[in-house]
Amino acid sequence: MKTGSGRANLLRRIEELEARLTDGSGLAPGTPDWLAFWQEQVRLHETGQPHAQLTLQGMRAVMQATPDEPEDGDAERDAV
25 MKTGSGRANL
35 LRRIEELEAR
45 LTDGSGLAPG
55 TPDWLAFWQE
65 QVRLHETGQP
75 HAQLTLQGMR
85 AVMQATPDEP
95 EDGDAERDAV
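Residues 25 to 104, numbered by this note's numbering, are exactly what the sequence shown covers, in order.
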């Protein structure tokens, strides 16, 4: 049994899959580092600074991670 070459083949295949699963950030989507990267890119975009091209998946994640600000009527209702 060739365990050495089989393991090397498996590791190579995993690396190929990981390469396909990353976006422009070079990070795996859904990880804390990935979210932090896209949060920073959105901040740079909002302040007019150079940034990576924003992706739909990155923007969705940032929007979902950002808490909603209460509307004027909500603040009064929540205080009661």
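C-beta atoms are modelled at their ideal positions from N, C-alpha and C, and glycine is treated no differently.
If you draw a straight line from the Cα of Gly50 to the Cα of Leu41, it is about 13 Å long. Here the alpha carbons of Asp96 and Pro56 stand approximately 32 Å from one another.
Setting aside the 5 residues that flank it on each side, Gln81 is surrounded in the same chain by Asp47 and Pro53, each with a C-beta closer than 8 Å to its C-beta; the list follows chain order. For Ala85, the CB contacts under 8 Å within the same chain, skipping 5 residues up- and downstream, are Pro53, Gly54, Trp58, Leu59 and Trp62 in chain order. Per DSSP, the continuous alpha helix (DSSP H) segment holding His69 begins and ends at Pro56 to Glu70.
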